[in-house]
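Residue numbering for the sequence shown follows the working numbering, starting at 246 and increasing by one per position. Working notes for the structure below.
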Amino acid sequence: MADLLNDTVLPEDLKKFEKIYHQHLYKNEVTPKVQFEYAWCLVRSKYSADIQKGIMLLEELYKNNSDGKRDYLYFLCVGYARMKEYSKALKYIRSFLAVEPGNTQVAGLEQLIKKKMEKEGLVGMAVAGGVVVAVGAIVSVGMAIASKGKS
């Protein structure tokens with residue numbers, strides 16, 4: 246499960262599905278399957294712009310197609326989590342679990358996202374603490390220099 250949020254698509258797979266999508270788009274014949282496969286690759290990209298595009302395609306599918314809503318919703322959760330938009334990911338997860346409370350895959354994704362939020366919160370606090378220590382050290386050095394200048 247942890248690999249799901251860190252798993253990236255192979256560049257050749259992304260190119261393959263992008264080419265198929267654009268061929269269908271050019272003919273104005275994009276099917277939900279073609280759009281989903283491309284979006285699925287995009288949300289697994291290492292580039293945030295690709296992930297955003299994948300999210301947009303998945304949201305469009307979710308709104309306009311009743312078939313495959315479970316998959317669209319699940320990969321929307323993955324996309325938002327990969328973008329570190331955890332509140333949106335959790336919103337979709339809660340919607341999913343309201344319909345399917347026993348879905349262990351989605352419940353596992355929810356736990357993974359919560360752990361990432363906790364870890365990043367602690368990292369954020371550590372960075373903030375480091376900044377406070379650095380500012381304190383600079384102030385101390387400044388005060389020491391100022392007191393030497395007065396002597």
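From the three backbone atoms N, C-alpha and C, an ideal C-beta is built for every residue, glycine too. Since this is a predicted model, take the numbers as computed values, not measurements.
What's the C-alpha gap between residue i and residue j?
i, j, result
"residue 355", "residue 273", "37 Å"
"residue 275", "residue 263", "12 Å"
"residue 318", "residue 271", "27 Å"
"residue 309", "residue 352", "25 Å"
"residue 350", "residue 278", "22 Å"
"residue 330", "residue 300", "12 Å"
"residue 304", "residue 343", "19 Å"
"residue 362", "residue 266", "34 Å"
"residue 314", "residue 341", "10 Å"
"residue 269", "residue 280", "9 Å"
From the DSSP output, in three-state form, read off residue i for me.
i, result
"residue 277", "helix"
"residue 357", "helix"
"residue 290", "coil"
"residue 419", "Because the chain spans 246 through 396 in this model, residue 419 falls outside it and cannot be assessed."
"residue 323", "helix"
"residue 256", "helix"
"residue 348", "coil"
"residue 310", "coil"
"residue 330", "coil"
"residue 272", "coil"
"residue 263", "helix"
Going along the chain, which residues of its own chain have a beta-carbon closer than 6 Å to the beta-carbon of residue i, five neighbours each way excluded?
i, result
"residue 325", "333, 334"
"residue 371", "Only weak support is given to the placement of residue 371: the predicted model assigns it a pLDDT of 47, under 50, and the value that follows is read from those uncertain coordinates. Nothing meets the Cβ criterion."
Keeping to the same chain, check which residues put their C-beta closer than 8 Å to that of residue i; ignore five residues upstream and five downstream.
i, result
"residue 336", "none"
Excluding the 5 residues flanking residue i on each side, which residues of the same chain have their C-beta closer than 7 Å to its C-beta?
i, result
"residue 253", "289, 290, 291"
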